[in-house]
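Protein chains in written order, with our numbering: chain L, 1 to 114; chain F, 1001 to 1112.
Glycine included, C-beta positions come from ideal geometry on N, C-alpha and C.
Just below is one structure, and these are the notes that go with it.
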């Protein structure tokens, strides 16, 4: 069974641009969560989607948004990029949005904002 | 607001040593606690998941325990190997929302 895939793996953008990252969960998984990882802040929760609905949102500005499609694939978008948005963005999938289910992480997208 | 702390931040041990990594959390209302491994520049690999009703989980040389009442979890690694060198992260899945709160990790180096 294929794992969680994220595309692209690396991305370089300049300030003010926008970016879209994609996450394909493990087949059959319906919950997708996004996290931002930086050296200073560590791993921080962005948002979580289940059955195309955003169920939880972390403490990030409105420039960060996401969506989930009917096939459970998810995208996150960051508009008006800032230097501080440079980070490793990780998505995780689980079977259902339940505490009994393990979350499996993808390899991440490394975003560099110049 | 859940806060997760990991001690120590870094650990260097000789090969073959048994070691313990510590994780503490402030809100005991959790669904589960997961331990992950992260190699440099890579994503997270799940090692062990302990449900809130469980006390411990074992996988090979790894054993994780959970004490909800004291807000603590430990990851025990037996007979460490150089291949165990990585950053180990613990994360608590919140009881009020479906969100993993991570510690900052312990950077483990196992020297041959």
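query, result
"Residue 114 (chain L) versus residue 41 (chain L) - alpha carbon distance", "20 Å"
"Bridge partner(s) assigned by DSSP for residue 1014 (chain F)", "F:1111"
"Residue-level contact to chain F via CB, residue 48 (chain L), 8 Å cutoff", "yes"
"For residue 1067 (chain F), three-class secondary structure by DSSP", "strand"
"Cβ-based contacts, 8 Å cut-off: residues of the segment 55 to 72 of chain L near chain F", "55, 56, 58"
"Residue-level contact to chain F via CB, residue 102 (chain L), 8 Å cutoff", "yes"
"CB contact check: residue 42 (chain L) to chain F, cutoff 8 Å", "yes"
"First through last residue of the beta strand (DSSP E) which encompasses residue 92 (chain L)", "87 to 94"
"Cβ pair residue 6 (chain L), residue 91 (chain L) closer than 8 Å", "yes"
"Meets three-Cβ-pair contact criterion under 8 Å: the segment 1023 to 1040 of chain F and the segment 1002 to 1013 of chain F", "yes"
"Backbone secondary structure at residue 1094 (chain F) - three-state DSSP", "strand"
"Spatially closest choice to residue 1079 (chain F) from F:1064, F:1103, F:1050, F:1110, by CA coordinates", "F:1110"
"Beta-carbon gap between residue 48 (chain L) and residue 1046 (chain F) smaller than 8 Å", "no"
"Residue range of the beta strand (DSSP E) that includes residue 30 (chain L)", "Unbroken run through residue 30 (chain L): none, as it is neither H nor E."
"Residue 107 (chain L): contacting residues in chain F (beta-carbon distance under 7 Å)", "1042, 1043"
"CB-CB length for residue 36 (chain L) against residue 87 (chain L), believed under 8 Å", "5 Å"
"Beta strand (DSSP E) segment containing residue 55 (chain L), residue limits", "53 to 57"
"Distance CB(residue 1089 (chain F))-CB(residue 1038 (chain F)) smaller than 8 Å", "yes"
"Within chain F, partners of residue 90 (chain L) - CB distance below 8 Å", "1043, 1044"
"Per-residue DSSP class, three states only, for residue 84 (chain L)", "helix"
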